[in-house]
Amino acid sequence: MKTNVRLITLVFGILVSQLCMAQAPAGAPAGATGMCNDSTYYMGASKKGACRGHKGVKDWYGDTAAPAKTSATTAAPAPAAAPAPTPTPTPAPAPAQKTTAKTAAAAPGGGAGQVWLNTASNVYHCEGTEWYGKTKAGAYMTEAEAKAKGARPSHGKACN
Numbered sequence: 001m002k003t004n005v006r007l008i009t010l011v012f013g014i015l016v017s018q019l020c021m022a023q024a025p026a027g028a029p030a031g032a033t034g035m036c037n038d039s040t041y042y043m044g045a046s047k048k049g050a051c052r053g054h055k056g057v058k059d060w061y062g063d064t065a066a067p068a069k070t071s072a073t074t075a076a077p078a079p080a081a082a083p084a085p086t087p088t089p090t091p092a093p094a095p096a097q098k099t100t101a102k103t104a105a106a107a108p109g110g111g112a113g114q115v116w117l118n119t120a121s122n123v124y125h126c127e128g129t130e131w132y133g134k135t136k137a138g139a140y141m142t143e144a145e146a147k148a149k150g151a152r153p154s155h156g157k158a159c160n
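For the sequence shown, position 94 (counting from the first letter as 1) is numbered 94 according to our numbering, and the numbering increases by one without interruption.
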């Protein structure tokens with residue numbers, strides 16, 4: 001009875017210890033020892049200085065213990081071999097670009113004598129200005145029509 005309990009306890013302990021160890025995710029490149037906060041991977045052996053310039057370390061998969069130092073007199077010389085190429089970390093994904101008036105395309109339509117009425121703010125924009133035809137909600141019309149609807153000119157400047 002005691003032997004069975006000890007055996008079950010030992011197996012359970014081994015399983016728990018394996019689950020508690022940090023492991024690199026399936027999508028990580030071979031040799032990754034850590035993941036940076038900007039979702040790039042780190043390949044170095046030391047946690048010190050890891051992910052510098054990448055907003056710090058998010059997860060560490062490598063061994064946290066420092067490698068044991070060996071004495072030069074007791075260590076056998078290593079055979080000369082070509083160094084393995086160091087994998088480069090994956091670049092960070094580009095941040096989502098915020099749409100501004102400079103990057104947004106103007107709505108089709110408009111033209112000479114037309115203003116763009118931003119229906120959300122009730123402000124109209126003249127042709128050739130930054131927000132002409134580029135707000136989320138709006139319509140083209142003459143300046144007189146915009147004024148008749150109670151709209152005001154952008155920055156208080158009429159189009160003429």
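Quick reminder that beta carbons are idealized off the backbone N, C-alpha and C, glycines included.
#### Entry: Beta-bridge pairing of H125 - partner residues as DSSP gives them
W116
### Sequence-distant residues of the same chain with beta carbon closer than 8 Å to T142, five excluded per side
G113, Q114 and V115
### Message
So, with DSSP's three-state summary, where would you put R52?
### Response
coil
### Message
Quick check: what's the CA-CA separation for E127 versus D38?
### Response
42 Å
### Proximity winner among G111, T3, G133 and P108, relative to T119 (alpha-carbon distances)
G133
### Message
Taking its Cβ as the centre, do 16 or more other Cβ atoms sit within 10 Å of T9, making it buried, or is it exposed?
### Response
exposed
### Task
Tell me whether L15 is buried or exposed, calling it buried when 16 or more other Cβ atoms sit within 10 Å of its Cβ.
exposed
### Collapsed DSSP secondary structure at K58 in the structure displayed
strand
#### Entry: Separation of P29 from G13, as counted between CA atoms
30 Å
### Task
Could you spell out the range, first to last residue, of the beta strand (DSSP E) harbouring A139?
G138 to T142
### Task
Give a yes or no on whether the C-beta atoms belonging to G62 and K47 are separated by under 9 Å.
yes
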